[in-house]
Amino acid sequence: MIRFSACIEILFRELDFYDRFKAAKDAGLDAVEFWGFPGRDLSRIREECDKNELTLAAVCMGGAGEAAERFNGRKLLYRDGIEDFLDVTRQSVEAAKELNCKSLIITVGQERDDATRYEQHTNIVLSLKAAAPIIEDAGLTLVVEPLNVLCNHKGYFLPSSYEAFSILEEVGSPAVKLLYDIYHQQISEGNLIPTIRKNIDLIGHFHVADNPGRHEPGTGEINYRKVFEVIDSLGYDKFVGFEYSPTIDSAETIRNTVALAK
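Following this line, the structure appears as structure tokens:
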């Protein structure tokens, strides 16, 4: 049985952020996720999760201070930015512990025009290798997210899941996995089911949305009933996050999407 999570950053937007936890539970889910924790009340988030018996499936890495500011502009593509990344990693681990969250999401940054792709690829590997022991010691998983460059994230370094999987193999840590966003990868390369089958052991989290439009499954071209069937058949036991812009009531889209997995 697939475990689903609602990204309350993009779902239930008509509600106050802290009211979205109960809304997700009322819609039938047992897990939520969101993008950024800096500036939010972590104690309140933990309280809402506990009160509504929700697991916090994932949250994006972040932090405060000068190192975090530098990191936000550079991400993983600079050799001399590794120490900033480690500072943000430590801050994110502490936040994850407070939130009782087991997965942290990281994006790699915008492609540089002053370095080769090989150099930037290598810098990502070195950055993740440096952070891996911190993540491992904390008992967490760090998931790296490829993003499409055709529709949403022009200039992003890592649209290809194939390159992302090769990066993970070079890093060689059981705590560093891929966030396979089905919407992004449908746009970037297609071939969804064979890629998922081949690399399921390297996938630590999924995101779902349909294409075109990034709306709920059933509004576009992706056969989510079959995709969910394959994911379930592979014994995947982590989370599949609903990260889409709903065209109708959020709760209704959640129920409809869950029904595709039955």
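In the working numbering, the protein residues as written are 3 to 264.
Ideal placement from N, C-alpha and C gives every residue a C-beta, glycine not left out.
A quick note: this is a predicted structure, and the numbers were derived from the prediction, not measured.
*asked:* Quick check: the region 75 to 90 against the region 38 to 48, are at least 3 beta-carbon pairs closer than 8 Å?
replied: no
*Which same chain residues, not among the five before or five after G30, have their C-beta less than 7 Å away from its C-beta?*
Residue numbering aside, residue 30 sits at position 28 when the sequence shown is read from its first letter. Closer than 7 Å at the Cβ level, and outside the excluded window around G30, lie I256, R257, V260.
*Return helix, strand or coil for E85, following the three-state DSSP convention.*
Here residue 85 refers to the residue found at position 83 of the sequence shown. DSSP places E85 in the helix class (H, G or I) of the three-state scheme.
*Length-filtered (3 minimum) beta strand (DSSP E) runs lying within the region 192 to 244*: 205 to 210, 241 to 244
*If you count every other CB in all the chains shown that lies within 10 Å of the CB of N102, and 16 or more means buried, which is it?*
The residue you call residue 102 lines up with position 100 of the sequence shown. Exposed, since its Cβ has fewer than 16 Cβ neighbours within 10 Å.
*Which residue spans inside the region 9 to 50 form an unbroken beta strand (DSSP E) run of at least 3?*
Every beta strand (DSSP E) stretch that sits fully inside the region 9 to 50 and reaches 3 residues is listed by chain position as 33 to 36.
*Take A111 and list the residues in its own chain whose beta-carbon comes closer than 7 Å to its own, dropping the five residues that flank it on each side.*
On the sequence shown, position 109 is the one that residue 111 refers to. In the sequence as displayed, the identity of residue 111 is Gly instead of Ala. For G111, where only same-chain residues beyond five positions count, the Cβ hits under 7 Å are R76, K77, L78, L79, F159.
_Chain-order list of residues whose beta-carbon lies under 8 Å from that of E223 (same chain, five-residue window excluded)_ = Along the sequence shown, read from residue 1 onward, the residue named residue 223 stands at position 221. Closer than 8 Å at the Cβ level, and outside the excluded window around E223, lie Q188, D212, N213, P214.
*Whose C-alpha, out of T249, L170, C9, is nearest the C-alpha of L56?*
Locating residue 56 in the sequence shown gives position 54, counting from the first residue. Of the listed residues, the one whose Cα sits closest to L56 is C9.
*Can you have a look at A331 and say buried or exposed, based on whether 16 or more other CB atoms are within 10 angstroms of its CB?*
Shown here, the chain extends from 3 to 264; a query on residue 331 therefore has no answer.
_Going by beta-carbon coordinates alone, are L13 and R5 separated by less than 9 Å?_
As a first step, residue 13 must be located in the sequence shown, where it is residue number 11. As a first step, residue 5 must be located in the sequence shown, where it is residue number 3. Going by C-beta atoms, L13 is not nearer than 9 Å to R5.
_Pair within 9 Å by beta-carbon distance, V242 and S45_ = Taking the first residue of the sequence shown as position 1, residue 242 is located at position 240. Taking the first residue of the sequence shown as position 1, residue 45 is located at position 43. Cβ atoms of V242 and S45: not closer than 9 Å.
*Return the residue from the list A59, G65, V127, A166 that minimises the CA-CA distance to H209.*
By 1-based counting over the sequence shown, the position of residue 209 is 207. Checking every option, the nearest Cα to that of H209 belongs to A59.
*Is it buried or exposed for R221, if we count other Cβ within 10 angstroms and need 16 for buried?*
By one-based count along the sequence shown, residue 221 stands at place 219. The sequence shown places Thr at residue 221, rather than the Arg named in the question. Buried, by the Cβ-count rule.
*Within the same chain, show all residues whose beta-carbon is closer than 6 Å to that of T124, passing over the 5 residues directly before and after it, in chain order.*
Residue mapping note: residue 124 aligns to position 122 of the sequence shown, counting from 1. So the list is empty, once near-sequence residues are dropped.
_Residues of its chain near I169, where Cβ-Cβ distance is below 6 Å and the 5 sequence neighbours each way are ignored_ = Here residue 169 refers to the residue found at position 167 of the sequence shown. Counting only Cβ-Cβ distances below 6 Å, and skipping sequence neighbours, we find I126, V127.
*Through-space distance from A70 to Q93, alpha-carbon basis*: In the sequence shown, the residue the question calls residue 93 occupies position 91. In the sequence shown, the residue the question calls residue 70 occupies position 68. Going by C-alpha positions, Q93 is about 9 Å away from A70.
*Could you tell me which residues DSSP puts in a beta bridge with T143?*
Within the sequence shown, numbered from 1, the residue matching residue 143 stands at position 141. Its beta-bridge partners are S105.
*Under three-state DSSP, which class holds G114?*
As a position in the sequence shown, residue 114 is number 112, starting the count at 1. Checking the sequence shown, residue 114 turns out to be Arg, not Gly. Coil.
*Return the first residue and the last residue of the beta strand (DSSP E) that Y182 is part of.*
For the purposes of this step, residue 182 is taken as the residue at position 180 of the sequence shown. Looking at the DSSP string, the run of the beta strand (DSSP E) that includes Y182 is 178 to 183.
*Say the cut is 8 Å; is the CB of C62 nearer than that to a heavy atom of the ligand PLP?*
Absence of the ligand PLP from the depicted structure is noted, as is the absence of any ligand whatsoever, leaving it without description.
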